[in-house]
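Residue numbers (the working numbering): 52 to 117.
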């Protein structure tokens with residue numbers, strides 16, 4: 052039986068680069084399945100990550116700027 056993971060990503064503190072996000076996701080997938088994935092801090096500024104997030108079934112929690 053494989054190991055299951057929940058993954059929570061704060062884009063602003065994680066650097067918000069597609070290559071880094073893909074690298075992290077792949078490292079987790081080597082060890083097991085990502086059952087829950089949530090991304091915090093998503094804004095239009097990170098639209099280049101949308102395909103990666105959706106293809107890995109992440110829920111996006113938008114961030115509001117003041």
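Backbone N, C-alpha and C fix where the C-beta goes; we use that ideal spot for every residue, glycine too.
Remember, predicted model here, so these are calculated numbers, not experimental data.
Straight-line Cα distance separating residue j from residue i
| i | j | result |
| --- | --- | --- |
| residue 92 | residue 106 | 18 Å |
| residue 60 | residue 108 | 13 Å |
| residue 81 | residue 57 | 14 Å |
| residue 62 | residue 71 | 11 Å |
| residue 110 | residue 95 | 15 Å |
| residue 65 | residue 74 | 12 Å |
Cβ distance (whole Å) where residue i is taken to contact residue j below 8 Å
| i | j | result |
| --- | --- | --- |
| residue 69 | residue 100 | 6 Å |
| residue 55 | residue 86 | 5 Å |
Buried or exposed (CB count within 10 angstroms, at least 16 for buried), residue i
| i | result |
| --- | --- |
| residue 112 | exposed |
| residue 67 | buried |
Strand pairing of residue i, partner residues [DSSP]
| i | result |
| --- | --- |
| residue 57 | 87 |
| residue 93 | 113 |
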